[in-house]
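Using this note's numbering, the first residue of the sequence shown is number 124, and each one after it goes up by one. Glycine is no exception: its CB is placed at the ideal position from the N, C-alpha and C atoms. Predicted model, so just to flag it, every value in this text is computed and none were measured. Worksheet: one structure, shown below.
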Amino acid sequence: MHAVKPHAGIGGVPYAPQVGDHLALNPLNTEALSQGQAIDHWESREDMHRWLVRQGVDPAGEHTPSDLLQRGRDLWSAERKAIATGKAGEPLDVQPLNVLLEAHLTSPRLQRDTSGRLEITHVSANGTAASPLGPVAEAAAHLLSDGDFALVRQCEHPNCILWF
Numbered sequence: 124m125h126a127v128k129p130h131a132g133i134g135g136v137p138y139a140p141q142v143g144d145h146l147a148l149n150p151l152n153t154e155a156l157s158q159g160q161a162i163d164h165w166e167s168r169e170d171m172h173r174w175l176v177r178q179g180v181d182p183a184g185e186h187t188p189s190d191l192l193q194r195g196r197d198l199w200s201a202e203r204k205a206i207a208t209g210k211a212g213e214p215l216d217v218q219p220l221n222v223l224l225e226a227h228l229t230s231p232r233l234q235r236d237t238s239g240r241l242e243i244t245h246v247s248a249n250g251t252a253a254s255p256l257g258p259v260a261e262a263a264a265h266l267l268s269d270g271d272f273a274l275v276r277q278c279e280h281p282n283c284i285l286w287f
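This is the structure:
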């Protein structure tokens with residue numbers, strides 16, 4: 124399916140809706156419908172990188188590997204399938220998500236947050252394409268292992284494909 128160009132945000136940067144209220148759900152909302160046409164907010168590696176920065180996942184902007192877009196699409200597909208399977212009460216195939224989790228090597232780092240309080244964060248320990256996606260894959264893993272699937276819903280309007 125050919126997607127129309129996404130709506131531009133501030134400064135012409137395309138913004139995917141952030142209505143999922145959970146880092147794991149936000150990738151599911153990178154496709155939307157507008158006037159019956161699909162909008163793909165991840166058309167390029169740069170779109171993917173801007174999305175990661177907007178999520179606060181890659182704030183330093185250090186990672187723009189060539190296969191980042193494909194890995195993002197793989198994550199999107201794995202999450203969508205796992206959530207649909209979980210909502211149906213069926214056993215999950217965790218292997219596609221585990222592939223992304225295994226590629227994400229991090230190390231803990233103690234640093235100060237914006238208010239000056241100490242916090243432990245995890246920083247990428249390698250430069251692979253999956254590294255910037257690791258926190259999103261980890262959020263998906265937490266949602267799948269600890270989440271209540273009854274609270275995860277797709278918009279009920281026939282012209283809406285967003286998740287909440």
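Residues of the same chain with a CB within less than 8 Å of the CB of L266, apart from the 5 flanking positions on each side, are H145, A147, L148, I206 and V275 in chain order.
Proximity of the stretch 240-248 to the stretch 161-170 falls short of the contact definition, fewer than three beta-carbon pairs being nearer than 8 Å. Counting C-beta atoms within 10 angstroms of its own C-beta, S254 has 16 or more neighbours from the protein chains shown and is therefore classed as buried. By the neighbour-count criterion, in which 16 or more other beta carbons inside 10 Å mark a residue as buried, R194 falls on the buried side.
L228 has its alpha-carbon roughly 12 Å from the corresponding atom of A260. DSSP, read as helix, strand or coil, puts V246 in strand.
Going by DSSP, D163 is part of the beta strand (DSSP E) stretching over Q160 to D163.
Less than 8 Å separates the beta-carbon of L198 from that of L223. The Cβ neighbour count for D269, taken over all protein chains shown within 10 Å, is under 16; the residue is labelled exposed. Under DSSP, the beta-bridge partners assigned to L241 are R235.
If you draw a 10 Å sphere on the C-beta of N221, you find fewer than 16 other C-beta atoms in it, and that means exposed.
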